[in-house]
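First comes the structure, then the notes that go with it.
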DNA sequence: TAAGTGATCTCT
DNA sequence: GAGATCACTTAA
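In this note's numbering, the protein residues as written are 55 to 229.
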């Protein structure tokens, strides 16, 4: 049986959650009522007030507020004037961290993902559950550690060498 | 490789 | 209020 991932799954160290999210299912109820399910295969961790690449590095603002909230909430933001980004908040309350969903199923690219799943700002701050229409499930797949690739994050050069180079991006290799 | 696009944040 | 920036995508 596929179990819905609860707050307790996300309320753990961000890097651990990021790795374990690979191979899980992202489930979305589209506005049309159609249910889409796809396996998460690419994520990035944004972990805490020290992480210069994390939006919350500059403190708590209206935009980053949700990252300080309890784990398991959805963080969606708009960037480059046209793209929505989907994140899931991790870690304890008042610890700003989240995981960016970059790819799932055969969709590669964070903005393509949100476009394909009709995800926009209306989902921001909502809990990831069936009522919201967007949640994660454990599909009981065995993910071998050797099939996980860790690389630097994409598009975060502004964070400075030290933080831009951290291997916080996790990719599930094909097959 | 660069243009497109607009919310957000940091100055005045 | 003005200006810069930006966790990207697409078309060349």
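The C-beta atom is built at its ideal place from N, Cα and C for all residues, glycine as well.
Separation of residue 87 from residue 165, as counted between CA atoms: Along the first chain, one-based indexing puts residue 165 at 111. Along the first chain, one-based indexing puts residue 87 at 33. C-alpha separation (whole angstroms): 21 Å.
Considering only residues of the same chain and omitting the five flanking positions on each side of residue 71, which have a CB-CB separation below 6 Å? Position 17 of the first chain, counted from the start, is the residue given in the question as residue 71. Taking C-beta separations shorter than 6 Å and ignoring five residues to either side along the sequence, the partners of residue 71 in its chain run 64, 144, following chain order.
Beta strand (DSSP E) runs wholly inside the stretch 103-152, at least 3 long, in chain order: Runs of the beta strand (DSSP E) lying entirely within the stretch 103-152 and spanning at least 3 residues, in chain order: 128-133, 137-143.
Please name the residue, chosen from 182, 160, 60, 152, that lies closest to residue 107 on a Cα-to-Cα basis. Within the first chain, numbered from 1, the residue matching residue 107 stands at position 53. Nearest C-alpha to residue 107: 152.
Where residue 212 sits in the DSSP three-state scheme: Residue numbering aside, residue 212 sits at position 158 when the first chain is read from its first letter. Here residue 212 carries a helix assignment [DSSP, helix/strand/coil].
Measuring alpha carbon to alpha carbon, tell me which residue in 211, 202, 212 is nearest residue 69. As a first step, residue 69 must be located in the first chain, where it is residue number 15. Checking every option, the nearest Cα to that of residue 69 belongs to 202.
Taking the runs of the beta strand (DSSP E) that are 3 residues or longer, which of them lie wholly in the stretch 164-209? The stretch 164-209 contains these whole beta strand (DSSP E) runs: 188-192, 202-205.
Rounded C-alpha distance that separates residue 73 from residue 57: Here the question's residue 73 lines up with position 19 in the first chain. Here the question's residue 57 lines up with position 3 in the first chain. If I take the Cα positions, the gap works out to 18 Å.
Just verifying my parser: in three-state terms, what is the DSSP assignment at residue 76? As a working note, residue 76 is residue 22 in the first chain. It is coil, neither helix nor strand.
Which of the three DSSP states, helix, strand or coil, is assigned to residue 59? By one-based count along the first chain, residue 59 stands at place 5. Of the three classes helix, strand and coil, the one that applies to residue 59 here is coil, per DSSP.
Looking at C-beta atoms only, is the number of pairs between the stretch 154-174 and the stretch 81-99 that lie closer than 8 Å three or more? Enough Cβ pairs lie closer than 8 Å, so yes.
Look at the Cβ atom of residue 129, then the Cβ atom of residue 141, and state whether they are nearer than 7 Å. On the first chain, residue 129 is found 75 positions in, with the first residue counted as 1. On the first chain, residue 141 is found 87 positions in, with the first residue counted as 1. Yes, they are a contact pair.
Whose CA, out of 104, 67, 95, 90, lies closest to the CA of residue 214? Residue numbering aside, residue 214 sits at position 160 when the first chain is read from its first letter. Minimum Cα distance to residue 214 is reached at 104.
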